[in-house]
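Inspection log for the structure reproduced underneath, given as structure tokens.
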Amino acid sequence: MTTLRPLSLMVNGETLTCFAEPRETLADLLRRGLELTGTHTGCEMGVCGACLVMLDGAPVHACLLFAVQAEGSAIETIEGLTAKTAIADLQCAFHDRNALQCGFCTPGMLVTAQALLARNPQPSRAEIRDALSGNYCRCTGYEAIVDAIETVARRRAAGEVAAAFAEEPA
Amino acid sequence: MNAPLGALDRPNSYIGRSVSRPNAKRLLAGRGRYVTDLVLPRMLHAAFLRSPYAHARISAIDLSAAQAMPGVRLIATGADLAKLCKPWTGTLDHFRGMKSPPQFPLPLDEVLWAGQAVVAVVADTRAQAEDAVEAILIDFEELPPVVDVDAALEPDSDRAAAGLDDNLCFGLKLDSGDVDAAFAAAAYVVEEEFHFGRHTAVTLEPRAILADWDASEGRLTVHHATQTPYQFQDLYSRHYGIPEASVRVVAPDVGGSFGMKLHVYHEDMAVVGLSVLAGRPVKFVADRMESFISDIHARDHRVRARIALDAAGTILAMDVDDVTAIGAFSSYPRTSAVEGNQVVRLMGAPYRFRDYRAELSAVFQNKVQTSQYRAVGHPIACAVTERLVDMAAARAGLDPVAMREKNLIPDDAYPHASPTGYRFEALSHEKCLKRLTVMMDYERLRAEQAELRASGIHRGIGIASFVEISNPSPAFYGIGGARISAQDGAIVKVTPSGEVRCLISVTEQGQGTETIIGQIVADQLGLPRERVRVITGDTEVTPHGGATWACRGAGIGGETALQAARKLRENVLSLAATVLQAKTFELDMRDGVIVDLMTGAERISLAEIARIAYFRSDTLPPGTSAQLSVAHHYAPQGYPFAFTNGIQGCHVELDTETGFVHILKHWVVEDCGRIINPLLVDEQVRGGVVQGLGAAFFEECRYDGNGQLTNGSLADYLVPMACEMPDIEIGHVETLTADTALGAKGCGEAGTAAASAAALNAVNDALSPFRASIAQIPMTPTRLLRALGKI
Ligand code: FES
Ligand code: FES
Chain A
1 MTTLRPLSLM VNGETLTCFA EPRETLADLL RRGLELTGTH TGCEMGVCGA CLVMLDGAPV
61 HACLLFAVQA EGSAIETIEG LTAKTAIADL QCAFHDRNAL QCGFCTPGML VTAQALLARN
121 PQPSRAEIRD ALSGNYCRCT GYEAIVDAIE TVARRRAAGE VAAAFAEEPA
Chain B
1001 MNAPLGALDR PNSYIGRSVS RPNAKRLLAG RGRYVTDLVL PRMLHAAFLR SPYAHARISA
1061 IDLSAAQAMP GVRLIATGAD LAKLCKPWTG TLDHFRGMKS PPQFPLPLDE VLWAGQAVVA
1121 VVADTRAQAE DAVEAILIDF EELPPVVDVD AALEPDSDRA AAGLDDNLCF GLKLDSGDVD
1181 AAFAAAAYVV EEEFHFGRHT AVTLEPRAIL ADWDASEGRL TVHHATQTPY QFQDLYSRHY
1241 GIPEASVRVV APDVGGSFGM KLHVYHEDMA VVGLSVLAGR PVKFVADRME SFISDIHARD
1301 HRVRARIALD AAGTILAMDV DDVTAIGAFS SYPRTSAVEG NQVVRLMGAP YRFRDYRAEL
1361 SAVFQNKVQT SQYRAVGHPI ACAVTERLVD MAAARAGLDP VAMREKNLIP DDAYPHASPT
1421 GYRFEALSHE KCLKRLTVMM DYERLRAEQA ELRASGIHRG IGIASFVEIS NPSPAFYGIG
1481 GARISAQDGA IVKVTPSGEV RCLISVTEQG QGTETIIGQI VADQLGLPRE RVRVITGDTE
1541 VTPHGGATWA CRGAGIGGET ALQAARKLRE NVLSLAATVL QAKTFELDMR DGVIVDLMTG
1601 AERISLAEIA RIAYFRSDTL PPGTSAQLSV AHHYAPQGYP FAFTNGIQGC HVELDTETGF
1661 VHILKHWVVE DCGRIINPLL VDEQVRGGVV QGLGAAFFEE CRYDGNGQLT NGSLADYLVP
1721 MACEMPDIEI GHVETLTADT ALGAKGCGEA GTAAASAAAL NAVNDALSPF RASIAQIPMT
1781 PTRLLRALGK I
């Protein structure tokens, strides 16, 4: 159970070879092994969405996948998505609208939002709420999150491009 | 003591402005630093063996197999930790007659609820610690569990814990006026028995703690996901006998708290001792299953209540009996009696009647402890009161709005003393009601409801007025002997470059504490907000204070910051006057520049003043005192609490075939005094409403007859999700408190206080054509179908 298995995968654009116990989840590998603590765990059973990451471009629950199952895949976490400014507009809109409080759900929310807008660029509010049905947030009451995603959908449709999120003053 | 508000009301004031939170950017980029994320060199991990029984005696523990497991560094039992840690008792002196069994980090010989931590294993990894837990052998001798509150109060009942004479933790009777006479003279009486389920906080980040005992210096550092670092500094110091100045508690980013993370948990106390025993940092993060069986639960009340009315529908009197089940211990240090106490004192709070009687019984049973969680007691008192008011309105043939217009305390009748012992400085129930009916377009909703009923669509409209306790003085805990501060402290200092840092004792869990403190300091000093940095959550650097609970961050913390900033401003201006050979009163600071008060002409920058003070004091006249750091404390004075008020409306559609309720829309009108940042206030209120709607429709810790929690996972325990929640419209009325210059009161609990009451009234309104009703939350589809007589 505790023998380490070699594993190679791409994380945030870098090819890595590392070792993982067969029982180790992808969430644990990212958080402990790779220090990518922006991926959170809230339930470790696939219902809260705090651990969502992109795997080959689609959102997956990092708590439901064993690390070894990610062999050969390309993973993107909140850190990687931030660095390549893929979600800068979402981050700005969340910030402006105060669509987060404690921020523990936020990385997962952003991953869901990004995936939603990729498959449905102009979702209705009901569709946004529906897409968020696997993302638990205890703090915000959700409305601000729905507003922020709606704003980004509109801005993207109008062709607006956001500057890198981190470069903007507070 | 209301100072002139000039600066607060300036058109470009930061106070009252919706600005976003500078510290939220880090969280958005995945750079939050939660205790869950922290790693220290040589850190070990703790896991706990937990009791499978609700009540049992520990007859034997065999650790030999576990000790031989890989990675295991230490295994500790209750006896091991009791040698280091003094036990604690969850009582407060001002709750007379209250009792509770003494508590140890881990039990010595008796377990009192299913899930109680019994033995701790410390290992190199959490997985290894969990593996070793599996290898521990314990002989439990099962004892009869106490699970039912009525049975618990029978004289010959089993006891929830050895040594208890009976299962009553705390009883309280209130009686004012002549309730019997009022009921005897009443034209009619409405009464109901209410049931409020147990639910729990379910913060997305579970409880997390990392204790680091350094024997070489005799220093304890605890990284603790909590709202109240000072309270824990005091507790770790006293219970482990470590001088207070050698204990540091750091609360970094905290993934939600809502009251849950300010109680003493057995595992947390144990982790401190484990670090002492191991001589290394020890970390414990509750997993979600552990959270459900060890985080405090909340509510769990059965309330029988009635109100007496005259023929015109005027409320004359109220009579209440609240029985609340609190688990096997009263929690520490805030006890498990505060909620019940607030339930019986907040009953009927928005209304004018004078005769009131209440009885409270807080009862022990073998379940997880209940204690303070967001809006302590408010949702119970509000739901009971507001439902009875609606029932009374129906009896009197009045619309619920008219009923409230008739009975609410008029806005011009303040100050007002409630028959339950509270004093209200100034509330605005009438204004809020008026505002709500406009926002809801109440008349139109009623017309639409009637129309839709004809076509078999059953909508319900519910409203609920509320009062919220905020800005608590020492009357809350201090007088009961608890070392929980009602005051806060701030240090505001100018850096050599002319920036400002504010270190303050109120804490941040995402509600925006640091943001509003920054707004206040920037505003009062006359600086751009970007040049103020606010630091919270570390007992080593911020002054001692109460931190964040019971809605005190803006009201008390904000006033502390305001007074501290005003003091610093005086110092800066007087130093500038010396440098400029001017008079202090002729100067002002705007945008970081000292200017002529009258003309606005720029004289010298704050940065230049700071440079002179720090590096060229030789150029100042002899005897000049350049004090560019100010430490200041503020304790609430005047009213023991600053009460706030408001009203909520809820619009639902009930599917009478399935029992499902669709929440169409929710409204809140809220009066928290001066609003520092409307954006943050609104989101606090929305988040609070959703927690209240969760309680109303979904959330319940369900137990079987053996005291086993049967739905202790996030898949089985239902929480409100985005797709079930409505848009929430918010309006404000601002009635300032005159007790502070800032005039702010709390807003964090307002949403939760009345959301479930408004929902309960809305669902009952939808049920009314069927002559059906419900008086229990959560209002699950099963319960609604039962109310409709369909099952
Ligand atoms: S931690 Fe993966 S879904 Fe909750
Ligand atoms: S912001 Fe705290 S859980 Fe969503």
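Sequences listed follow chains A and B, in order. Per our numbering, residue 1 is the first one in the first sequence, and the count goes up by one each step. Per our numbering, residue 1001 is the first one in the second sequence, and the count goes up by one each step. C-beta atoms are modelled at their ideal positions from N, C-alpha and C, and glycine is treated no differently. Treat the numbers as computed from the prediction; the structure is a model and nothing was measured.
{"Asked": "Min CB distance B:Ser-1800 to chain A below 8 Å", "Found": "There is no way to answer for residue 1800 of chain B, as the model of chain B reaches only from 1001 to 1791."}
{"Asked": "Span separating the alpha-carbon of B:Gly-1460 from that of B:Asp-1441", "Found": "14 Å"}
{"Asked": "B:Glu-1734, DSSP secondary structure in three states", "Found": "coil"}
{"Asked": "Reference B:Ala-1201, options B:Tyr-1230, B:Gly-1255 and B:His-1223, closest by Cα", "Found": "B:Gly-1255"}
{"Asked": "Chain B within 8 Å of A:His-95, Cβ atoms only", "Found": "yes"}
{"Asked": "Backbone CA spacing between B:Tyr-1332 and B:Asp-1765 [nearest angstrom]", "Found": "40 Å"}
{"Asked": "8 Å contact criterion, which B:Glu-1683 and A:Gln-69 should meet: CB distance rounded", "Found": "With 8 Å as the limit, B:Glu-1683 and A:Gln-69 do not qualify as a contact, their Cβ atoms being about 38 Å apart."}
{"Asked": "Any non-hydrogen atom of ligand 2 within 7 Å of B:Thr-1036 CB", "Found": "no"}
{"Asked": "Any non-hydrogen atom of ligand 2 within 7 Å of B:Leu-1742 CB", "Found": "no"}
{"Asked": "For A:Met-45, the three-state DSSP class (helix, strand or coil)", "Found": "coil"}
{"Asked": "B:Val-1272 versus B:Asp-1212 - alpha carbon distance", "Found": "8 Å"}
{"Asked": "Interface partners of B:Leu-1436 on chain A, CB under 9 Å", "Found": "The premise fails here: B:Leu-1436 is roughly 18 Å from chain A at the closest Cβ pair, so nothing lies under 9 Å."}
{"Asked": "Backbone secondary structure at A:Cys-51 - three-state DSSP", "Found": "coil"}
{"Asked": "Contact shell at 6 Å, judged by CB to any heavy atom of ligand 1, ordered along the chain", "Found": "A:Thr-41, A:Gly-42, A:Cys-43, A:Glu-44, A:Gly-46, A:Val-47, A:Cys-48, A:Gly-49, A:Ala-50, A:Cys-51, A:His-61 and A:Cys-63"}
{"Asked": "Chain-ordered chain A contacts of B:Ser-1713 [CB-CB under 7 Å]", "Found": "Met-45"}
{"Asked": "A:Arg-138 CB to nearest heavy atom of ligand 2 below 7 Å", "Found": "yes"}
{"Asked": "Touch test, the segment 1495 to 1503 of chain B against the segment 1241 to 1260 of chain B, Cβ-Cβ under 8 Å, three pairs minimum", "Found": "no"}
{"Asked": "Chain-ordered chain A contacts of B:Val-1276 [CB-CB under 9 Å]", "Found": "Neighbours of B:Val-1276 on chain A: none; closest Cβ ~25 Å, over 9 Å."}
{"Asked": "Near ligand 2: A:Met-104 beta-carbon under 7 Å from a heavy atom", "Found": "Note on residue identity: the sequence assigns Phe, not Met, to residue 104 of chain A. Within the cutoff, so yes."}
{"Asked": "Nearest-angstrom Cα separation, counted from B:Gly-1115 out to B:Asp-1295", "Found": "10 Å"}
{"Asked": "B:Glu-1290, buried or exposed, once every other Cβ within 10 Å from all chains shown has been counted against 16", "Found": "buried"}
{"Asked": "Length of the line joining the Cα atoms of B:Gln-1103 and B:Trp-1088", "Found": "5 Å"}
{"Asked": "Spatially closest choice to B:Asn-1407 from B:Ala-1426, B:Leu-1433 and B:Phe-1424, by CA coordinates", "Found": "B:Leu-1433"}
{"Asked": "Rounded straight-line distance, which links the Cα of B:Ser-1020 to that of B:Thr-1515", "Found": "8 Å"}
{"Asked": "DSSP three-state assignment for B:Tyr-1014, whether helix, strand or coil", "Found": "coil"}
{"Asked": "Residue from A:Ala-153, A:Glu-127 and A:Met-109 whose Cα sits closest to the Cα of B:Gly-1030", "Found": "A:Met-109"}
{"Asked": "According to DSSP, residues forming a beta bridge with B:Thr-1200", "Found": "B:His-1297"}
{"Asked": "Element boundaries [alpha helix (DSSP H), containing A:Val-111]", "Found": "106 to 119"}
{"Asked": "Chain-ordered residues of the segment 1681 to 1704 of chain B with a beta carbon less than 7 Å from chain A", "Found": "Glu-1683, Arg-1686, Gly-1687, Val-1689 and Val-1690"}
{"Asked": "Cβ shell of B:Cys-1650 (< 6 Å), same chain only, five flanking positions each side left out", "Found": "Gly-1462, His-1666, Ala-1758, Ala-1759 and Ala-1762"}
{"Asked": "N-terminal and C-terminal residue of the alpha helix (DSSP H) that A:Ala-148 is part of", "Found": "143 to 157"}
{"Asked": "Simplified DSSP state of B:Met-1725, which is helix, strand or coil", "Found": "coil"}
{"Asked": "Cα-Cα separation between B:Leu-1220 and B:Thr-1385, rounded to whole angstroms", "Found": "48 Å"}
{"Asked": "Segments assigned alpha helix (DSSP H), at least 4 residues, entirely inside the segment 1344 to 1417 of chain B", "Found": "1378 to 1396 and 1400 to 1407"}
{"Asked": "Nearest neighbour of B:Thr-1624, chosen from B:Thr-1578, B:Arg-1611, B:Ala-1610 and B:Val-1595 [CA to CA]", "Found": "B:Thr-1578"}
{"Asked": "Beta-carbon gap between B:Ser-1336 and B:Gly-1090 smaller than 8 Å", "Found": "yes"}
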